[in-house]
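**Q**
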Amino acid sequence: SVRWQGLLKHYKDYLPVTENTPEISLGEGNTPLIHFKNLSRKLGIELYGKVEGANPTGSFKDRGMVMAVAKAVEEGSKAIVCASTGNTSASAAAYAAKADIRAIIVIPKGKVAMGKLAQAIMYGAEIVEIEGNFDKALSMVREISEKTDVTLVNSVNPYRLEGQKTAAFEVCEQLGSAPDVLAIPVGNAGNISAYWKGFKEYHEKNNAGLPKMFGFEAEGAAAIVKNQIITEPETIATAIRIGNPASWELAVTAREESGGSITAVSDEEITTAFKLLAQQEGVFAEPGSCASVAGVIRQCEQGNIKEGSSVVTILTGNGLKDPQTAIDQMEIKPVSLPNDANSLLDYIGSTVTV
Ligand code: F0G
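Under full-length UniProt numbering, the first residue of the sequence shown carries the number 3, and numbering increases by one thereafter.
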């Protein structure tokens, strides 16, 4: 088999790639689709997880960022800027490093998970923190990108959605067709919009079918669900702590056209799903990602996902991004033992055969 050379090469016929587009890649895309045997049995459906945490910077943002940065370079830009709850900034910083341009990131102080911040620092981004939340940061960078030649790489940049739609292509290829239901966390609402675009384009070319789009917001940041801007969004899932999603209308269109829904899940449901996914399926996804798993559980219980349905849940980011939230959730303390094998033998007990 041929070495995977990234999204811009693999899906060039579906993307705005021209002969002048630089060939940038960190090996993004081609992420695993895993069948969740235990959760499937529990829920009475066929559940699969698309592990976007396997991307080079640990989130789905790399799909959109490789396209946005390549086009920025093609157009002669020397700097990119974004607002971020963490993952966008990590991805922007990495691709800017690869492309040898500046990355300026604006983040809400104290509300970005440690791993994401570490990435931005290591990749050499210029970090600006503000007291305000993501929505405020986004309005700031939108304004300055209009007044300067710095390229905005939030998902309001259409190249971001172009890159991110490739995940829908992969789901269809890995499953053999579109699933009945596509479950996805919703923050700024770019990704749900990108998937829907991707499914439609893929269906047009390959007749793979179309899923119902089930989006999930965190209860304390559920602007689309409540149909009103949330001025002080709050959730344990800092990735989706957003009160005025930029792609609001596109997300509503995806919901309406697909016959799906956008609903809310509580922080408690998110943390339950977070632990369940790790402990029953061996996948450590960050809390924001687990909003989709929490949503699937609730929608199955409420009968809105029918028994036997094929469901793909998008696990948008790697659990290692946010180790603090994981540790805070752990009730179990490690067992302390003296430094000898017999104590360990005693501890393990009757399950040991000599
Ligand atoms: N899951 C994760 C892990 C995210 O980081 C995000 C968004 C989402 C889901 C929601 O996707 O915004 O397209 O609806 N993170 C952005 C960021 C806001 O700055 O990293 P969306």
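Even for Gly, the Cβ is constructed at its ideal location relative to N, Cα and C.
Under 7 Å from any heavy atom of the ligand F0G, does the C-beta of P235 make it?
**A** What you label residue 235 is simply residue 233 of the sequence shown in a count that begins at 1. Flag unset: Cβ of P235 not near the ligand F0G.
**Q** Compute the distance between the beta-carbons of V183 and V285, then report whether it is under 8 Å.
**A** Here residue 183 refers to the residue found at position 181 when the sequence shown is read from its first residue. Here residue 285 refers to the residue found at position 283 when the sequence shown is read from its first residue. No, these two residues do not count as a Cβ contact at 8 Å.
**Q** Give a yes or no on whether the C-beta atoms belonging to Q230 and G192 are separated by under 8 Å.
**A** On the sequence shown, position 228 is the one that residue 230 refers to. On the sequence shown, position 190 is the one that residue 192 refers to. No; because the gap between Cβ atoms is not below 8 Å, this pair is not in contact.
**Q** Beta-carbon separation of E133 and P18 under 8 Å?
**A** Locating residue 133 in the sequence shown gives position 131, counting from the first residue. Locating residue 18 in the sequence shown gives position 16, counting from the first residue. Their beta carbons are not under 8 Å apart, which means E133 does not touch P18 by this criterion.
**Q** Identify which residue in F276, I232, E172, P235 has its Cα closest to the Cα of N208.
**A** Within the sequence shown, the letter at position 206 stands for residue 208. If we check each option's Cα against that of N208, E172 comes out closest.
**Q** Within the present structure, is the beta-carbon of T90 separated from the nearest heavy atom of the ligand F0G by less than 7 Å?
**A** Locating residue 90 in the sequence shown gives position 88, where the first residue counts as 1. Yes; taking the cut-off as 7 Å, the Cβ of T90 has a heavy atom of the ligand F0G nearer than that.
**Q** Report the three-state DSSP secondary structure of L346 (helix, strand or coil).
**A** To locate residue 346, count along the sequence shown from 1; it is residue 344. It is helical.
**Q** The ligand F0G and P325: does the residue's C-beta get closer than 7 Å to at least one heavy atom of that ligand?
**A** In the sequence shown, residue 325 corresponds to position 323, counting from 1. Answer for P325: no, Cβ out of range of the ligand F0G.
**Q** Could you please give the first and the last residue of the uninterrupted alpha helix (DSSP H) stretch that includes P325?
**A** Here residue 325 corresponds to residue number 323 of the sequence shown, with the count starting at 1. Where P325 is concerned, the enclosing alpha helix (DSSP H) stretches over 325-331.
**Q** Which of helix, strand or coil does DSSP assign to P187?
**A** Indexing the sequence shown from 1 puts residue 187 at position 185. Three-state DSSP puts P187 in a strand.
**Q** Taking a contact to mean a Cβ-Cβ separation below 8 Å, would you say M116 touches P289 in this structure?
**A** Here residue 116 corresponds to residue number 114 of the sequence shown, with the count starting at 1. Here residue 289 corresponds to residue number 287 of the sequence shown, with the count starting at 1. Taking 8 Å as the Cβ cut-off, M116 and P289 do not qualify as a contacting pair.
**Q** Which runs of the beta strand (DSSP E), 3 residues or longer, sit entirely within the region 257-319?
**A** The qualifying runs are 263-267, 312-317.
**Q** Taking the beta strand (DSSP E) that V108 belongs to, which residues open and close that run?
**A** Here the question's residue 108 lines up with position 106 in the sequence shown. First-last of the beta strand (DSSP E) with V108: 104-110.
**Q** According to DSSP, is L28 part of a helix, a strand, or is it coil?
**A** Within the sequence shown, the letter at position 26 stands for residue 28. The answer is coil: DSSP assigns L28 none of H, G, I, E or B.
**Q** Give the straight-line distance between the Cα atoms of L35 and Y204, rounded to the nearest whole angstrom.
**A** To locate residue 35, count along the sequence shown from 1; it is residue 33. To locate residue 204, count along the sequence shown from 1; it is residue 202. The straight-line gap from Cα to Cα measures roughly 18 Å.
**Q** Does R83 come out as helix, strand or coil in the three-state DSSP assignment?
**A** The residue labelled residue 83 in the question sits at position 81 within the sequence shown. Note that residue 83 is Val in the sequence shown here, rather than Arg. Three-state DSSP puts V83 in a strand.
**Q** Rounded to whole angstroms, how far is the Cβ of residue 364 from the Cβ of S179, which I believe are closer than 8 Å?
**A** Since the first residue shown for the chain is 3 and the last is 356, residue 364 is missing from the structure and cannot be characterised.
**Q** May I have the straight-line CA-CA distance separating M67 from L252, to the nearest angstrom?
**A** To locate residue 67, count along the sequence shown from 1; it is residue 65. To locate residue 252, count along the sequence shown from 1; it is residue 250. Between M67 and L252, the C-alpha separation is close to 19 Å.
**Q** How far does the alpha helix (DSSP H) with A248 in it reach, from first residue to last?
**A** Taking the sequence shown and counting its residues from 1, the one referred to as residue 248 is at position 246. Per DSSP, A248 belongs to no alpha helix (DSSP H) and is neither H nor E.
**Q** What is the rounded straight-line gap between the Cα of I109 and the Cα of P58?
**A** Here residue 109 refers to the residue found at position 107 of the sequence shown. Here residue 58 refers to the residue found at position 56 of the sequence shown. Cα to Cα, the separation comes out at about 21 Å.
**Q** Just to confirm my understanding: we take L28, look at its own chain, exclude 5 residues before and 5 after, and list those with CB closer than 8 Å. What are they?
**A** Here the question's residue 28 lines up with position 26 in the sequence shown. Counting only Cβ-Cβ distances below 8 Å, and skipping sequence neighbours, we find G8, P58, T59, D64, V68, A96, Y97, K100.
**Q** Which one or two residues does DSSP pair with V130 in a beta bridge?
**A** Within the sequence shown, numbered from 1, the residue matching residue 130 stands at position 128. Bridge partners of V130: V108.
**Q** Going along the chain, which residues of its own chain have a beta-carbon closer than 8 Å to the beta-carbon of E236, five neighbours each way excluded?
**A** Indexing the sequence shown from 1 puts residue 236 at position 234. Closer than 8 Å at Cβ, skipping near neighbours: G222, A223, R243.
**Q** I'd like to know whether the C-beta atoms of A85 and V143 end up nearer to each other than 8 Å.
**A** Locating residue 85 in the sequence shown gives position 83, where the first residue counts as 1. Locating residue 143 in the sequence shown gives position 141, where the first residue counts as 1. Yes, Cβ-Cβ distance for A85 and V143 is below 8 Å.
**Q** Does the ligand F0G have even one heavy atom less than 7 Å from the beta-carbon of F136?
**A** Position 134 of the sequence shown holds residue 136. Yes, Cβ of F136 sits closer than 7 Å to a heavy atom of the ligand F0G.
**Q** DSSP state of L9, grouped into three classes?
**A** Translated into the one-based positions of the sequence shown, residue 9 becomes position 7. Residue state, collapsed to three classes: helix.
**Q** So, with DSSP's three-state summary, where would you put E236?
**A** If you number the sequence shown from 1, residue 236 lands on position 234. If DSSP states are grouped into helix, strand and coil, E236 belongs with coil.
**Q** Confirm the yes/no value for this check: CB of E206, any heavy atom of the ligand F0G, distance under 7 Å.
**A** If you number the sequence shown from 1, residue 206 lands on position 204. No, since every heavy atom of the ligand F0G falls outside the 7 Å radius drawn around the Cβ of E206.
**Q** For a test of your reading of the model: does the CB of N190 fall under 7 Å from any non-hydrogen atom of the ligand F0G? Yes or no.
**A** Looking up residue 190 in the sequence shown gives position 188. Yes - the ligand F0G has a heavy atom lying nearer than 7 Å to the Cβ of N190.
**Q** Short check: CB of T265 to CB of F218, under 8 Å?
**A** The residue given as residue 265 occupies position 263 in the sequence shown. The residue given as residue 218 occupies position 216 in the sequence shown. Yes, they are a contact pair.
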